[in-house]
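Enquirer:
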Amino acid sequence: MKIYDVVEDFALENQDGKMVHLSDYKKSPVVLFFYPRADTPGCTIESCGFRDAFEKFQKAGIVVLGISRDTVKEQKKFKDKYELPYDLLADPEMKLIKKYDLLKNKTMYGKPVTGVERTTYLIGKDAGTGQKLLHVFEKVKPEGHAEEVFALLKASGATGKD
8 MKIYDVVEDF ALENQDGKMV HLSDYKKSPV VLFFYPRADT PGCTIESCGF
58 RDAFEKFQKA GIVVLGISRD TVKEQKKFKD KYELPYDLLA DPEMKLIKKY
108 DLLKNKTMYG KPVTGVERTT YLIGKDAGTG QKLLHVFEKV KPEGHAEEVF
158 ALLKASGATG KD
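So for the sequence shown, this note's numbering puts the first residue at 8; every next one is plus one.
1) Out of K146, L141, L91, which one is the CA nearest neighbour of L110?
2) Please list, in chain order, all residues of the same chain as E20 whose beta carbon is under 8 Å from its beta carbon, the five residues on each side excluded.
3) Report the three-state DSSP secondary structure of L160 (helix, strand or coil).
4) Hey, would you say V71 sits closer than 8 Å to F57, going by beta carbons?
5) Relative to the C-alpha of H142, which residue among E150, A158, A134 is closest?
6) When the distance is taken between beta carbons, is F61 closer than 8 Å to P92?
7) Quick check: D12 and A45, are their CB atoms within less than 8 Å of each other?
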């Protein structure tokens, strides 16, 4: 997927088992952040960063969605534990994760593992031609990421509400 390509609609269950479609948010810019595992150190830092900046995103009309390969139940536990105000989408079969080519070989504690690469997609609102990809943050560092995302959206003019 390249910048300005139309992002294909998808559907995943949120932490409450409710089906969420990307197209549910076609009137708003969407921050889609993929993280490896709920309630792990880096993922908690990143998710809490979006929590702490959430009011700014909300006031600007921007939707925040977190996605990992965790189950609905694990996402619910993570959301409740850290009082995350946005939906966490469960992709335990990794359908979307694989579609976005985010399953990568990594090294953890000196051993090769396959895991989800921390990546964030900024998707524009539908201006009549579909929801388009605005930016991709690859190999994200969790600290300060939410602020980095908001700054880019603000600079691009994507934060204006209609």
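Backbone N, C-alpha and C fix where the C-beta goes; we use that ideal spot for every residue, glycine too.
Expert: The answer reads as follows:
1) Working through the sequence shown from its first residue, we reach residue 110 at position 103. Of the listed residues, the one whose Cα sits closest to L110 is K146.
2) As a working mapping, residue 20 is identified with position 13 in the sequence shown. Same-chain partners within the cutoff: M26, V27, V79, L96, A97.
3) Position 153 of the sequence shown, counted from the first residue, corresponds to residue 160. Three-state result, L160: helix.
4) Taking the sequence shown and counting its residues from 1, one reaches residue 71 at position 64. Taking the sequence shown and counting its residues from 1, one reaches residue 57 at position 50. Closer than 8 Å, so yes.
5) Here the question's residue 142 lines up with position 135 in the sequence shown. Checked all of E150, A158, A134; the closest Cα to H142 is A158.
6) Taking the first residue of the sequence shown as 1, we reach residue 92 at position 85. Taking the first residue of the sequence shown as 1, we reach residue 61 at position 54. Closer than 8 Å, so yes.
7) Numbered from its first residue, the sequence shown carries residue 12 at position 5. Numbered from its first residue, the sequence shown carries residue 45 at position 38. Cβ distance not < 8 Å, so D12 and A45 don't count as in contact.
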